[in-house]
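Novice: For the sequence shown, our numbering begins at 1 and goes up steadily by one.
Note that CB positions come from ideal geometry on N, CA and C, so glycine has one too.
Okay, handing you the structure first.
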Amino acid sequence: MIVTKYSLMMGIVWFTCVTFLGSCLLSREKGRTFQIVALVFLLGAARALLPVEILHGHVVQCWNLYPQVRDLWNLELFPGLTVLEALAQVWAVGVTVFLVGLAAQIWRLHQIRLKALPLPESDPVMAIYRAAAQRMGYEGALHLVTNAQCDRLVMIGFRSPWILLPGDAAKLSEEELFGALCHEICHFQRRDMWRKIGFLSLRCLFWWNPAAYLMARKGEHLMELECDRLVCQHLSSTEQLSYLNAIKKMIQPGSPNGDKIPMGFVGRTSKKMLLQRFRVALHPQRALSRKALILIAILCVLAFLASYCFILQPASHPTSEDLGNSQVIPGPAETSFILHESDGTYSLIMDGTMRDILTAAEITTEPYCTYEIVEMEVD
Numbered sequence: 001m002i003v004t005k006y007s008l009m010m011g012i013v014w015f016t017c018v019t020f021l022g023s024c025l026l027s028r029e030k031g032r033t034f035q036i037v038a039l040v041f042l043l044g045a046a047r048a049l050l051p052v053e054i055l056h057g058h059v060v061q062c063w064n065l066y067p068q069v070r071d072l073w074n075l076e077l078f079p080g081l082t083v084l085e086a087l088a089q090v091w092a093v094g095v096t097v098f099l100v101g102l103a104a105q106i107w108r109l110h111q112i113r114l115k116a117l118p119l120p121e122s123d124p125v126m127a128i129y130r131a132a133a134q135r136m137g138y139e140g141a142l143h144l145v146t147n148a149q150c151d152r153l154v155m156i157g158f159r160s161p162w163i164l165l166p167g168d169a170a171k172l173s174e175e176e177l178f179g180a181l182c183h184e185i186c187h188f189q190r191r192d193m194w195r196k197i198g199f200l201s202l203r204c205l206f207w208w209n210p211a212a213y214l215m216a217r218k219g220e221h222l223m224e225l226e227c228d229r230l231v232c233q234h235l236s237s238t239e240q241l242s243y244l245n246a247i248k249k250m251i252q253p254g255s256p257n258g259d260k261i262p263m264g265f266v267g268r269t270s271k272k273m274l275l276q277r278f279r280v281a282l283h284p285q286r287a288l289s290r291k292a293l294i295l296i297a298i299l300c301v302l303a304f305l306a307s308y309c310f311i312l313q314p315a316s317h318p319t320s321e322d323l324g325n326s327q328v329i330p331g332p333a334e335t336s337f338i339l340h341e342s343d344g345t346y347s348l349i350m351d352g353t354m355r356d357i358l359t360a361a362e363i364t365t366e367p368y369c370t371y372e373i374v375e376m377e378v379d
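The following block contains the structure:
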């Protein structure tokens, strides 16, 4: 397996398409297939991170637009520097800047935690915290701290749940605070901190692609939906209403949440996303059967593997200058093939470009005999 500029382009195209597909599925999600939506996002990210080209993959020729893009790539901005090389350098610089920014956010959050004041064990809120942990089945260490810089309930722990209590937590009743703490403990139990860091890291790698930002936002929304569903399974009907009322008090639809790493009780959202959270919490639909989920998951994985079976490459006819060059250096078999055209001629295609005209005798000799012969279809 190799990585080429064309396989990288295919990986980005597949990642973008799968991200928009997952976003559409999530917008219609009512609690039946959370696992499938998560798998779709996972496979989309994997396709972007593994843009390899397999041996004997089928080459699909693109005669329109793609050749012009290839020619643009190969233009020299300066001697020895093509457009493609310049874009690669800009990409690398952007990745570095965004990753440094992500690390700075983590460090800033660590400093906020160090400056936070722990609540004494005798504080009534600690009793609510312990009750929430017991309800969610968590028996590990508990940390509840306050910080004036924190404007919302925030879970920042990796090995144990460290929860920052906002200064305006008094606006929540005991029942509402109980549900909010259950939500944050659920985030810790599901290791959502690591998931969000993964989404944000992917966004840093593909900082120029809007699909990366969409996946990060929808991925966070998916985690909130899953936590809402799991928490409500542990709450009574009255407690569920208090839980949802806490969401209304702690969120303003459409207001940004910022780019903090932690899984907050509520993230940035829209009215549509907020209504979806309420529907999933109050009227959850029965999940698909285990067999159905396994079957759909297998189909998704097969589609993921099938995406590697072909690769789109630009194709164009050679110029008179190209044909005037009598010496053609054969390319590797995985990137070259022979096109048998309708008029009976054999064209040598190397890296998406026609490089030579071969005779019927030549295609039986080395190295041309190792190349695949593709018949041109005539409409």
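What residues are listed by DSSP as bridge partners for Thr82?
Specialist: Within the sequence shown, numbered from 1, the residue matching residue 82 stands at position 82. Paired residue(s): Glu76.
Novice: Gly11: which of Ala141, Leu25, Ala131 and Phe206 sits nearest, CA to CA?
Specialist: Numbered from its first residue, the sequence shown carries residue 11 at position 11. Measuring from the Cα of Gly11, the nearest candidate turns out to be Phe206.
Novice: Can you look up Asp356 in the DSSP assignment and give me helix, strand or coil?
Specialist: To locate residue 356, count along the sequence shown from 1; it is residue 356. If DSSP states are grouped into helix, strand and coil, Asp356 belongs with the strands.
Novice: Can you give the Cα-Cα distance for Leu244 and Ala180, rounded to whole angstroms?
Specialist: On the sequence shown, position 244 is the one that residue 244 refers to. On the sequence shown, position 180 is the one that residue 180 refers to. Straight-line Cα distance between these residues: approximately 9 Å.
Novice: Among the residues of its own chain, which have a CB less than 8 Å from the CB of Gln35, if the five just before and after it don't count?
Specialist: Here the question's residue 35 lines up with position 35 in the sequence shown. Excluding sequence neighbours, Gln35 sits near Leu293 and Ala297.
Novice: So Ile156 and Leu164 are in contact, right, with Cβ under 8 Å, and what is the actual spacing, rounded?
Specialist: Counting from 1 along the sequence shown, the entry for residue 156 is found at position 156. Counting from 1 along the sequence shown, the entry for residue 164 is found at position 164. Ile156 to Leu164, Cβ: 6 Å. Contact.
Novice: Between which two residues does the alpha helix (DSSP H) holding Ser160 run?
Specialist: Position 160 of the sequence shown, counting from 1, holds the residue named residue 160. Per DSSP, Ser160 belongs to no alpha helix (DSSP H) and is neither H nor E.
Novice: Provide the residue(s) that pair with His58 in DSSP beta bridges, ordered along the chain.
Specialist: As a working note, residue 58 is residue 58 in the sequence shown. Looking at the DSSP assignment, His58 forms a beta bridge with Phe310.
Novice: Under 8 Å by Cβ, that's how I've got Tyr138 and Gln189 pegged, so tell me the actual separation to the nearest angstrom.
Specialist: For this step, residue 138 is matched to residue 138 along the sequence shown. For this step, residue 189 is matched to residue 189 along the sequence shown. The Cβ separation is near 6 Å, so the contact holds.
Novice: To the nearest angstrom, how far is it from the Cα of Leu75 to the Cα of Pro51?
Specialist: Here residue 75 is taken as the residue at index 75 of the sequence shown, counted from 1. Here residue 51 is taken as the residue at index 51 of the sequence shown, counted from 1. Approximately 24 Å between the Cα atoms of the pair.
Novice: Would Gly140 pass as an interface residue toward chain C - the criterion being a Cβ-Cβ separation below 9 Å?
Specialist: Among the chains of the structure shown, chain C does not appear; only one protein chain is present.
Novice: Three or more C-beta pairs under 8 Å: does that hold for the region 99-109 against the region 194-204?
Specialist: Touching, yes, given that three or more Cβ pairs across the two stretches are closer than 8 Å.
Novice: With 16 as the cutoff for other CB atoms within 10 Å, does Trp162 come out buried or exposed?
Specialist: Translated into positions along the sequence shown, residue 162 becomes position 162. Counting Cβ neighbours within 10 Å, Trp162 comes out buried, since at least 16 surround it.
Novice: With DSSP collapsed to three states, give me the class of His283.
Specialist: In the sequence shown, the residue the question calls residue 283 occupies position 283. Correct three-state label for His283: coil.
Novice: Are Val59 and Gly352 closer than 9 Å when you measure CB to CB?
Specialist: Position 59 of the sequence shown, counting from 1, holds the residue named residue 59. Position 352 of the sequence shown, counting from 1, holds the residue named residue 352. Closer than 9 Å, so yes.
Novice: Met354: buried (16+ other C-beta within 10 angstroms of its C-beta) or exposed?
Specialist: Position 354 of the sequence shown, counted from the first residue, corresponds to residue 354. When all chains shown are included, Met354 counts as buried.
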